[in-house]
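**Q** Sequence lines, in order, name chains A and B.
Per my numbering, the first sequence starts with residue 38, numbered consecutively.
Per my numbering, the second sequence starts with residue 38, numbered consecutively.
Beta carbons: idealized from backbone N, C-alpha and C, even for Gly.
Treat the numbers as computed from the prediction; the structure is a model and nothing was measured.
This structure is in structure tokens; I'll ask about it shortly.
There are 2 protein chains.
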Amino acid sequence: MKLYDDAIAPTPRRVRMFLAEKGVDIPRVPVTIGKGEHLAESYATRVPSRRVPALELDDGTVISESVAICRYIEALHPEPNLFGSTALEQARVEMWQRRMEFELLLPFANAFRHSHPKMAALENQVPAYAAAQKQLAEQRLAMLEGDLARHPFIAGDKFSIADITAFTTLAFFPRLVGIAIDERVPQVKQWFDRIAARPSAAA
Amino acid sequence: MKLYDDAIAPTPRRVRMFLAEKGVDIPRVPVTIGKGEHLAESYATRVPSRRVPALELDDGTVISESVAICRYIEALHPEPNLFGSTALEQARVEMWQRRMEFELLLPFANAFRHSHPKMAALENQVPAYAAAQKQLAEQRLAMLEGDLARHPFIAGDKFSIADITAFTTLAFFPRLVGIAIDERVPQVKQWFDRIAARPSAAA
């Protein structure tokens with residue numbers, strides 16, 4: 038098995054953090070998105086979708102999509118579970134995971150893609166859309182402050198993949214779109230610092 | 038258990054179709070989004086996120102997010118499985134499910150939200166963004182034509198939740214944004230007609 042991986046982008050980091058929490062080690066092949074290495078023909082022959090990260094199995098089968106890779110790893114190494122154990126816990130993790138993806142990650146990523154000079158060559162940038170998405174990101178951050186006042190981790194009392202999704206989002210995008218994680222959202226900041234202190238955050 | 042459900046929107050339809058494929062019957066409580074019933078205080082006391090669909094368990098616990106509801110049902114009634122059985126099959130279903138959500142559903146939904154007169158009151162509409170998203174939706178549809186030439190169902194040889202996601206997307210959005218599922222994408226049309234003929238499509 039090998040993992041095609043980029044050191045900078047937040048999505049590959051989700052998988053690295055997931056693997057570190059599981060204590061699973063998979064050889065990595067660096068594919069530097071910033072240098073366009075994912076667009077090379079040599080990569081497309083292994084990974085037709087040209088996405089990073091991607092997991093290549095020993096028979097050449099490729100799994101792309103970070104969460105699909107994480108589910109595969111969870112199926113092979115069930116514990117410590119990061120998608121929940123009981124039916125209800127799994128549903129809760131999925132609910133929060135999706136909230137963090139659609140309500141937090143997407144607005145932050147859209148605000149970045151549609152405003153940052155570095156993305157101008159890759160994206161048909163629409164500044165009005167960037168502004169609207171930045172506003173949504175700020176609103177969700179304020180809502181997250183309330184969520185984290187009710188439970189110590191994103192999906193409840195236990196660390197889960199939803200924490201990884203929210204953490205890798207907030208570790209990457211806010212400064213790029215001019216949003217601060219500071220004393221205006223103290224619960225978020227406390228939670229963020231707690232997750233950043235886990236060994237997996239260095240993966 | 039009861040399911041808060043809207044008869045028109047594509048997301049509640051995903052859950053109804055999933056339940057019908059499983060042969061699981063859950064009493065439904067209609068919440069008509071078109072009449073703003075999901076915004077009423079009486080709904081928010083049961084479902085704080087005000088989202089539809091939502092599953093209320095007998096102890097009052099609420100699961101929102103359609104895919105979280107589906108996973109809960111799959112955990113209680115594993116067969117026929119719609120999220121895959123082996124580790125690899127589960128990973129493949131997740132990969133395709135996410136492709137259909139992020140690459141097909143999202144551009145269609147964004148094109149609709151940012152262009153349709155009915156959405157003008159709900160959305161800070163950005164026409165240039167609608168146009169760019171419509172183009173992405175058309176590109177993904179052309180790519181889906183190739184995908185479905187390689188395998189009869191979205192995620193491979195077996196019907197899965199990824200088919201439900203793609204089907205409910207293509208049954209709702211295309212005509213609203215001026216895209217046709219016709220002889221230009223014959224594989225997609227054949228697959229669509231095949232899914233539409235399943236009893237669950239009437240749920």
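Apart from the five residues just before and just after residue 56 (chain A), which ones in its own chain have a Cβ nearer than 6 Å to its Cβ?
**A** As a first step, residue 56 (chain A) is located in the first sequence; it is residue number 19 there, counting from the start. Closer than 6 Å at the Cβ level, and outside the excluded window around residue 56 (chain A), lies no residue.
**Q** List, in order along the chain, the chain B residues whose C-beta lies closer than 9 Å to that of residue 100 (chain A)?
**A** Start at 1 with the first residue of the first sequence, and residue 100 (chain A) comes out as number 63. Within chain B, the residues near residue 100 (chain A) are 125, 128, 129, 131 and 132.
**Q** Sort B:165, B:147, B:218 and B:126 by Cα distance to residue 194 (chain B) and report the nearest one.
**A** For the purposes of this step, residue 194 (chain B) is identified with residue 157 of the second sequence, where counting begins at 1. The residue with the shortest Cα to Cα distance from residue 194 (chain B) is B:126.
**Q** Checking the sheet assignment: what are the DSSP bridge partners for residue 91 (chain A)?
**A** Counting from 1 along the first sequence, the entry for residue 91 (chain A) is found at position 54. Its beta-bridge partners are A:41 and A:101.
**Q** Mind checking residue 144 (chain A): buried by the 16 CB within 10 Å criterion, or exposed?
**A** Mapped onto the first sequence, residue 144 (chain A) falls at position 107. Flag for residue 144 (chain A) reads buried.
**Q** With 16 as the cutoff for other CB atoms within 10 Å, does residue 134 (chain B) come out buried or exposed?
**A** The count along the second sequence starts at 1 and reaches residue 134 (chain B) at position 97. With 16 or more Cβ atoms within 10 Å of its Cβ, residue 134 (chain B) is classed as buried.
**Q** How far does the alpha helix (DSSP H) with residue 136 (chain B) in it extend, from its first residue to its last?
**A** Stepping through the second sequence from its first residue, residue 136 (chain B) is reached at position 99. Run containing residue 136 (chain B): 124-136, per the alpha helix (DSSP H) assignment.
**Q** Leaving out five residues on either side along the sequence, give the residues of the same chain with a beta carbon under 8 Å from the beta carbon of residue 109 (chain A).
**A** Mapped onto the first sequence, residue 109 (chain A) falls at position 72. Result list for residue 109 (chain A): 92 and 100, in chain order.
**Q** Rounded to a whole number of angstroms, what is the C-alpha to C-alpha distance between residue 122 (chain A) and residue 50 (chain A)?
**A** Looking up residue 122 (chain A) in the first sequence gives position 85. Looking up residue 50 (chain A) in the first sequence gives position 13. About 24 Å.
**Q** Any residues in the segment 156-172 of chain A with a beta carbon nearer than 7 Å to a beta carbon of chain B? Which ones, in chain order?
**A** If the cut-off is 7 Å between Cβ atoms, the segment 156-172 of chain A has 161, 163, 165, 166 and 169 near chain B.
**Q** Tell me which residues of the segment 66-85 of chain A have at least one Cβ-Cβ distance to chain B shorter than 7 Å, keeping chain order.
**A** Cβ contacts with chain B come from no residue of the segment 66-85 of chain A.
**Q** If contact means a Cβ-Cβ distance below 8 Å, which residues of the segment 102-122 of chain A contact chain B?
**A** Taking 8 Å as the Cβ-Cβ cut-off against chain B, the residues of the segment 102-122 of chain A that qualify are 102, 104, 105, 106, 108, 109, 112 and 113.
**Q** Tell me the start and end of each unbroken beta strand (DSSP E) in the segment 41-72 of chain B that is at least 3 residues and wholly inside, in chain order.
**A** Those beta strand (DSSP E) runs which fall completely within the segment 41-72 of chain B and span 3+ residues are 65-67.
**Q** Considering only residues of the same chain and omitting the five flanking positions on each side of residue 173 (chain B), which have a CB-CB separation below 6 Å?
**A** Stepping through the second sequence from its first residue, residue 173 (chain B) is reached at position 136. Around residue 173 (chain B): 144.
**Q** With a cut-off of 8 Å on the beta carbons, I'd call residue 53 (chain B) and residue 240 (chain B) a contact; round off their distance for me.
**A** In the second sequence, the residue the question calls residue 53 (chain B) occupies position 16. In the second sequence, the residue the question calls residue 240 (chain B) occupies position 203. Contact holds; Cβ gap of about 4 Å.
**Q** Measure the C-alpha to C-alpha separation of residue 182 (chain B) and residue 238 (chain A) and round it to an integer number of angstroms.
**A** Here residue 182 (chain B) refers to the residue found at position 145 of the second sequence. Here residue 238 (chain A) refers to the residue found at position 201 of the first sequence. The straight-line gap from Cα to Cα measures roughly 40 Å.
**Q** For residue 135 (chain B), which residues in chain A fall below 7 Å Cβ to Cβ?
**A** For the purposes of this step, residue 135 (chain B) is taken as residue 98 along the second sequence, with counting starting at 1. Near residue 135 (chain B) (Cβ distances below 7 Å), the residues of chain A are 102, 104 and 105.
**Q** Can you tell me whether residue 193 (chain B) is helix, strand or coil according to DSSP?
**A** Indexing the second sequence from 1 puts residue 193 (chain B) at position 156. Note: residue 193 (chain B) maps to strand in three-state DSSP.
**Q** Below 7 Å between beta carbons: does that hold for residue 204 (chain B) and residue 149 (chain B)?
**A** For the purposes of this step, residue 204 (chain B) is taken as the residue at position 167 of the second sequence. For the purposes of this step, residue 149 (chain B) is taken as the residue at position 112 of the second sequence. Their beta carbons are not under 7 Å apart, which means residue 204 (chain B) does not touch residue 149 (chain B) by this criterion.
**Q** Need the endpoints of the alpha helix (DSSP H) that residue 224 (chain B) sits in, please.
**A** Reading the second sequence from its first residue, position 187 is the one you call residue 224 (chain B). Counting along the chain, the alpha helix (DSSP H) containing residue 224 (chain B) begins and ends at 223-233.
**Q** Is residue 162 (chain B) helix, strand or coil by DSSP?
**A** Here residue 162 (chain B) refers to the residue found at position 125 when the second sequence is read from its first residue. In this structure, residue 162 (chain B) counts as coil in the three-state DSSP scheme.
**Q** Looking at residue 66 (chain B) and residue 75 (chain B), is the spacing between their C-beta atoms short of 7 Å?
**A** Taking the second sequence and counting its residues from 1, one reaches residue 75 (chain B) at position 38. Taking the second sequence and counting its residues from 1, one reaches residue 66 (chain B) at position 29. No, these two residues do not count as a Cβ contact at 7 Å.
**Q** Quick check on residue 94 (chain A): buried or exposed, where buried means 16 or more other Cβ atoms within 10 Å of its Cβ?
**A** Position 57 of the first sequence, counted from the start, is the residue given in the question as residue 94 (chain A). Result: exposed.
**Q** Near residue 226 (chain A), which residues of its chain fall below 8 Å by C-beta distance, leaving aside the five closest residues on each side in sequence?
**A** For the purposes of this step, residue 226 (chain A) is identified with residue 189 of the first sequence, where counting begins at 1. Hits under 8 Å: 218, 219 and 220.
**Q** Pick helix, strand or coil for residue 241 (chain A), following the three-state DSSP scheme.
**A** In the structure displayed, chain A extends from 38 to 240; residue 241 (chain A) sits before or after that span and is not available.
**Q** Counting only the same chain and skipping the five closest in sequence on each side, list residues whose C-beta sits under 7 Å from that of residue 207 (chain B).
**A** The residue you call residue 207 (chain B) lines up with position 170 of the second sequence. 218 and 229, listed in sequence order.
**Q** Determine whether the beta carbon atoms of residue 168 (chain B) and residue 124 (chain A) lie at a separation below 7 Å.
**A** Locating residue 168 (chain B) in the second sequence gives position 131, where the first residue counts as 1. Locating residue 124 (chain A) in the first sequence gives position 87, where the first residue counts as 1. It is not a contact, given that the beta carbons lie outside the stated cut-off.
**Q** Apart from the five residues on each side of it in sequence, which residues of its chain come closer than 6 Å, Cβ to Cβ, to residue 177 (chain A)?
**A** As a working mapping, residue 177 (chain A) is identified with position 140 in the first sequence. Same-chain partners within the cutoff: 140 and 141.
**Q** Under 7 Å Cβ to Cβ from residue 232 (chain A), same chain only, skipping five residues before and after it: list those, please.
**A** Mapped onto the first sequence, residue 232 (chain A) falls at position 195. Closer than 7 Å at the Cβ level, and outside the excluded window around residue 232 (chain A), lie 200, 204 and 238.
**Q** For the alpha helix (DSSP H) holding residue 217 (chain A), just list the boundary residues, first then last.
**A** Indexing the first sequence from 1 puts residue 217 (chain A) at position 180. Per DSSP, residue 217 (chain A) belongs to no alpha helix (DSSP H) and is neither H nor E.
**Q** Using only the alpha-carbon positions, how far apart do residue 223 (chain B) and residue 190 (chain B) sit?
**A** The residue labelled residue 223 (chain B) in the question sits at position 186 within the second sequence. The residue labelled residue 190 (chain B) in the question sits at position 153 within the second sequence. Using only the alpha carbons, I get a separation of about 14 Å.
**Q** Could you compute how far the alpha carbon of residue 83 (chain A) sits from the alpha carbon of residue 98 (chain A)?
**A** In the first sequence, counting from the first residue as 1, residue 83 (chain A) sits at position 46. In the first sequence, counting from the first residue as 1, residue 98 (chain A) sits at position 61. Looking at the two C-alpha atoms, the distance is approximately 9 Å.
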